[in-house]
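Protein chains in written order, with the working numbering: chain W, 2 to 99; chain P, 18 to 164.
This is the structure:
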């Protein structure tokens with residue numbers, strides 16, 4: 002493919018404010034009475050690559066405190082993690098980190 | 018291939034098969050808040066998010082259907098390909114959440130979490146749903162053990 006065949010980039014209207022894109026976002030999992038504890042640990046390990054001990058710590062936070070912040074960082078990656086967690090049917094929300 | 022025998026009487030399991038089938042059908046209609054995009058200011062993202070998860074859910078259901086459609090399942094025997102295990106686990110969660118939101122809606126969270134559920138005072142529909150809930154959990158536990 003020659004470079005001349007590539008589409009000319011066009012300026013795309015910015016739909017998200019720069020501040021919301023730059024601020025870190027928190028990936029938060031909420032407790033539910035249905036999911037098995039070892040299921041939740043397995044999901045945290047698969048999605049975040051956490052070691053057993055770290056995944057278990059977060060699972061206990063979810064269970065005992067009602068929620069746990071699993072990850073904090075760039076919005077796009079936070080969205081990706083949230084999508085994966087919801088795919089595993091875990092109640093997940095995102096919040097801007099203040 | 019993953020194979021295991023459920024620790025449940027085959028007659029009890031067979032009496033619960035209609036409830037399992039009903040829950041399987043009902044869970045498909047109950048996507049609701051599970052697939053709620055946590056970002057609310059981007060219509061395109063919301064649409065892609067919810068559609069993507071709904072499509073993923075359909076694939077998961079196919080994996081679980083293989084277990085239920087097996088002629089051995091009514092005797093408590095579960096078998097499925099290892100490649101279907103994760104999808105089946107997700108779909109089992111979806112069914113249990115659906116039971117919790119429908120037939121088990123009157124049960125308190127603490128009762129479900131602790132397993133301390135007094136069945137003698139409950140309607141038969143709640144009892145049937147709760148036994149189904151437990152059987153689905155046992156399949157999940159066994160699949161997790163095989164991971």
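Ideal Cβ placement from N, Cα and C applies to all residues, glycine included.
All of these numbers come straight from a predicted model, not from anything done at the bench.
Residue i at chain W interface by Cβ criterion, 8 Å
i             : result
residue 85/P  : no
residue 72/P  : no
residue 23/P  : no
residue 126/P : yes
residue 154/P : yes
residue 129/P : yes
residue 164/P : yes
residue 166/P : The requested residue 166/P does not occur in the structure, where chain P is confined to residues 18 to 164.
residue 88/P  : no
residue 52/P  : yes
residue 33/P  : no
residue 110/P : yes
residue 123/P : no
residue 113/P : yes
residue 19/P  : no
residue 63/P  : no
residue 56/P  : yes
residue 107/P : yes
residue 78/P  : no
residue 99/P  : no
residue 117/P : yes
residue 203/P : No answer is possible for residue 203/P: the residues shown for chain P start at 18 and end at 164.
For residue i, the residue or residues it bridges with in DSSP
i            : result
residue 66/P : According to DSSP, residue 66/P bridges with nothing at all.
residue 93/W : 30/W
residue 19/P : 97/P
residue 25/P : BP columns for residue 25/P are empty, so no partner.
residue 67/W : Residue 67/W pairs with nothing; no bridge assigned.
residue 74/W : 26/W
8 Å Cβ cutoff met for residue i and residue j
i             : j             : result
residue 80/P  : residue 59/P  : no
residue 44/P  : residue 122/P : no
residue 27/W  : residue 95/W  : yes
residue 142/P : residue 111/P : no
residue 19/P  : residue 97/P  : yes
residue 93/W  : residue 55/P  : yes
residue 62/P  : residue 88/W  : no
residue 33/P  : residue 149/P : yes
residue 86/W  : residue 48/W  : yes
residue 120/P : residue 154/P : no
Min CB distance residue i to chain P below 8 Å
i            : result
residue 61/W : no
residue 80/W : yes
residue 8/W  : Low confidence applies here, because residue 8/W scores a pLDDT of 46, under 50, leaving its location unreliable; read the following figure in that light. With 8 Å as the cut-off, residue 8/W does not count as an interface residue toward chain P.
residue 3/W  : In this prediction, residue 3/W has a pLDDT of 36, which is less than 50 and means its spatial position is unreliable; what the coordinates show is noted afterwards. No - not a single Cβ of chain P is within 8 Å of the one on residue 3/W.
residue 31/W : no
residue 57/W : no
residue 83/W : yes
residue 12/W : Caution is warranted here: a pLDDT of 43 is assigned to residue 12/W, below 50, making its placement in the model unreliable, and the coordinate value is therefore given only provisionally. Residue 12/W does not count as touching chain P.
residue 72/W : no
residue 35/W : yes
residue 66/W : no
residue 51/W : no
Residue i: CB within 7 Å of a non-hydrogen atom of the ligand PLP
i             : result
residue 147/P : Among the components of this structure there are no ligands whatsoever, and the ligand PLP is therefore not found.
So does the region 102-114 of chain P actually touch the region 155-162 of chain P, counting three or more Cβ pairs closer than 8 Å?
-> yes
Within the chosen definition, does the region 30-42 of chain W reach the region 119-131 of chain P through at least 3 CB pairs nearer than 8 Å?
-> yes
Are the region 34-43 of chain P and the region 57-75 of chain W in contact at 8 Å, needing three or more beta carbon pairs?
-> no
Determine, using beta-carbon pairs with one atom in the region 65-74 of chain W and one in the region 22-33 of chain P, whether at least three such pairs fall under 8 Å.
-> no
Could I get the ranges of all uninterrupted beta strand (DSSP E) runs contained in the region 74-152 of chain P, with 3 residues as the minimum, in chain order?
-> 94-97
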